[in-house]
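Here the structure is laid out as structure tokens; the discussion comes afterwards.
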């Protein structure tokens, strides 16, 4: 992941924890959404990559691999994204594709506003 994306995610996660009262929110929850909502469409990945590159004026920072717990379905989607990119000659860009997809989610969440507090039903 590109370091700036982690910073943006941690900022959003902190805001969501405060607004929702859910102190258990973690990076994996957000990445699970990123992966599960990503269409298996190489054109989408190329466009997301181009948008991220544009944001950094063509000088994409060095990213790093990371380990995050996600659902089995999200892990499978991660592999499917990698396989699709490899098959389409768009390999070795996973760090940037995942960063770009995360940026898209963060923009969507910003448009939606604060994460609301979940009202639990009464116990009795």
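Numbering (the numbering used here), first residue to last: 4 to 127.
Ideal Cβ placement from N, Cα and C applies to all residues, glycine included.
Exercise for review: State the Cα-Cα distance for the pair residue 30 and residue 125, rounded to the nearest angstrom.
Suggested key: Position 27 of the chain shown, counted from the start, is the residue given in the question as residue 30. Position 122 of the chain shown, counted from the start, is the residue given in the question as residue 125. Using only the alpha carbons, I get a separation of about 30 angstroms.
Check your understanding: Between residue 87 and residue 36, which are expected to be in contact by the criterion C-beta below 8 angstroms, what is the C-beta distance as a whole number of angstroms?
Key -> Here residue 87 corresponds to residue number 84 of the chain shown, with the count starting at 1. Here residue 36 corresponds to residue number 33 of the chain shown, with the count starting at 1. Rounded, the Cβ-Cβ distance is 19 angstroms, inconsistent with contact.
Exercise for review: Return the chain-ordered list of same chain residues with a C-beta closer than 7 angstroms to the C-beta of residue 112, the five sequence neighbours on each side being excluded.
Suggested key: Residue numbering aside, residue 112 sits at position 109 when the chain shown is read from its first letter. Excluding five sequence positions before and after residue 112, the CB atoms of its chain that fall closer than 7 angstroms to its own CB belong to 15, given in chain order.
Check your understanding: Within 10 angstroms of its Cβ, does residue 117 collect 16 or more other Cβ (buried), or is it exposed?
Key -> On the chain shown, residue 117 is found 114 positions in, with the first residue counted as 1. Answer is exposed; the Cβ neighbour count stays below 16.
Point to revise | Three-state secondary structure (DSSP) of residue 35 | key: For the purposes of this step, residue 35 is taken as the residue at position 32 of the chain shown. Residue 35 falls in the helix class under three-state DSSP.
Review point. Which same chain residues, not among the five before or five after residue 39, have their C-beta less than 8 angstroms away from its C-beta?
Key: What you label residue 39 is simply residue 36 of the chain shown in a count that begins at 1. Excluding the 5 residues flanking it on each side, residue 39 has same chain C-beta neighbours closer than 8 angstroms at 74, 76, 77, 80, in chain order.
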